[in-house]
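>
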Amino acid sequence: MSDEAIAHMMIATLMAGQHTSSTTVSWILFELARQPQIVADLLKEQAELLTSDPTTPPHLLPDFDYDQLRRLPLLECVMKETLRLHPPIHTVMRLVVNDVEHKGYTIPAGSFLCGSQAVSQMDPARFPDPEKFDPRRHLGSEEGSGEWTINGVDVAQKSAKSHFLPFGAGRHRCIGEAFAYIQIRTIITAFIREFEFELVKNDKGEPMFPKMDYTSLIVMPQKPAFIAYRKRRRD
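Residue numbering for the sequence shown follows our numbering, starting at 9 and increasing by one per position.
1) Taking the continuous beta strand (DSSP E) assigned at Phe120, which residues delimit it?
2) Please report how far the alpha carbon of Gly178 lies from the alpha carbon of Ala186, in whole angstroms.
3) Under 8 Å by Cβ, that's how I've got Leu58 and Gln43 pegged, so tell me the actual separation to the nearest angstrom.
4) How about Leu82 and Leu50: do their beta carbons lie closer than 8 Å?
5) Distance, Cα to Cα, His32 vs Ile192?
6) On the CB-based measure, 16 or more other CB atoms within 10 Å of its CB, does Glu89 come out buried or exposed?
7) Just tell me which of Met216, Arg238, Ala13 has its CA closest to the CA of Lys231.
8) Helix or strand or just coil, what does DSSP make of Arg92?
9) Suppose only complete runs of 3+ residues qualify. What are the beta strand (DSSP E) ranges in the segment 43 to 131, listed by chain order?
10) On the CB-based measure, 16 or more other CB atoms within 10 Å of its CB, does Asp28 come out buried or exposed?
11) What does a CB cutoff of less than 7 Å around Cys147 pick up in its chain, not counting 5 residues either side in sequence?
12) Could you tell me the alpha carbon to alpha carbon distance between Trp156 and Pro132, rounded to whole angstroms?
13) Would you call Ile14 buried or exposed, if buried means 16 or more other Cβ atoms sit within 10 Å of its Cβ?
14) If you follow the alpha helix (DSSP H) that Ala186 is in, where does it begin and where does it stop?
15) Any idea what DSSP makes of Ala236, helix, strand or coil?
16) Does the segment 93 to 107 touch the segment 120 to 129, meaning 3 or more C-beta pairs lie closer than 8 Å?
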């Protein structure tokens with residue numbers, strides 16, 4: 009690979025994914041803001057990994073190293089479930105290189121095909137009770153195993169036939185996937201240590217959870233979208 013190609017690859021990895029990663033972090037915080045028990049479980053997971061004592065207060069936890077950040081299964085599930093419910097890119101497009109026959113139809117070369125993660129990731133046959141935010145549905149999935157079982161249903165994790173495609177699939181799968189995951193892990197682990205947070209309430213005292221805004225390339229929270237947060241006590 010030439011130096012120019014390497015430079016272009018790094019620009020794409022470091023810069024092109026900033027909006028998708030930041031949007032995913034926002035959706036994670038909105039989902040966690042209405043499920044404080046999951047936040048407590050995430051902090052317990054950190055404490056058990058870093059100190060072997062699940063009761064260690066967040067402000068006394070040591071820093072993570074790279075390998076430890078990858079050993080947080082519940083956080084991994086939270087990220088996957090957020091990407092399932094709120095994929096930042098709702099459609100992937102592919103150019104048909106050769107004529108393709110599919111179910112009696114001929115798709116001619118030169119055509120463009122679109123697949124929507126926003127649809128496939130809400131399939132109740134693959135993801136029971138699909139509108140529910142349930143991170144633990146992903147427990148047991150093994151990175152790189154090629155197969156992924158959710159509630160007894162096999163879902164190909166890396167294949168283009170997968171129903172879970174927040175980063176696309178195939179040779180044009182997002183090159184920044186691993187970098188995005190480490191960014192999100194780092195931000196969320198630090199944020200929940202430092203802050204308590206909750207959804208802002210409307211005039212009726214009801215928590216306001218934002219709708220998804222499909223009017224731009226990145227599916228961001230529809231405005232107004234607010235979270236109230238405060239520093240954790242250290243006593």
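Backbone N, C-alpha and C fix where the C-beta goes; we use that ideal spot for every residue, glycine too.
On the basis of the data shown:
1) Here the beta strand (DSSP E) through Phe120 covers 120 to 123.
2) In this structure, the CA atom of Gly178 is about 15 Å from the CA atom of Ala186.
3) The Cβ separation is near 23 Å, so there is no contact.
4) Cβ distance < 8 Å, so Leu82 and Leu50 count as in contact.
5) The question names His, yet the displayed sequence has Thr at residue 32. Thr32 and Ile192 have their C-alpha atoms spaced approximately 8 Å apart.
6) Of the other Cβ atoms in all chains shown, 16 or more fall within 10 Å of the Cβ of Glu89; this residue is therefore buried.
7) Here the closest residue by C-alpha is Met216.
8) Helix, per DSSP.
9) DSSP runs (the beta strand (DSSP E)) wholly in the segment 43 to 131: 100 to 103, 108 to 110, 113 to 115, 120 to 123.
10) Reading off the sequence shown, one finds Thr at residue 28, where the question assumed Asp. Thr28 is buried by the Cβ-count criterion.
11) The sequence given here has Leu at residue 147, not Cys. Closer than 7 Å at the Cβ level, and outside the excluded window around Leu147, lie Pro81, Cys85.
12) Confidence is the limiting factor: at Trp156 the pLDDT is only 49, short of 50, which leaves the residue's position unreliable and the question unanswerable from this model.
13) Around the beta carbon of Ile14, a 10 Å sphere encloses fewer than 16 other beta carbons of the protein chains shown; the residue is thus reported as exposed.
14) If you look at Ala186, you'll find it in the alpha helix (DSSP H) that goes 185 to 202.
15) In this structure, Ala236 counts as strand in the three-state DSSP scheme.
16) By the Cβ rule, the segment 120 to 129 counts as touching the segment 93 to 107, because three or more pairs are nearer than 8 Å.
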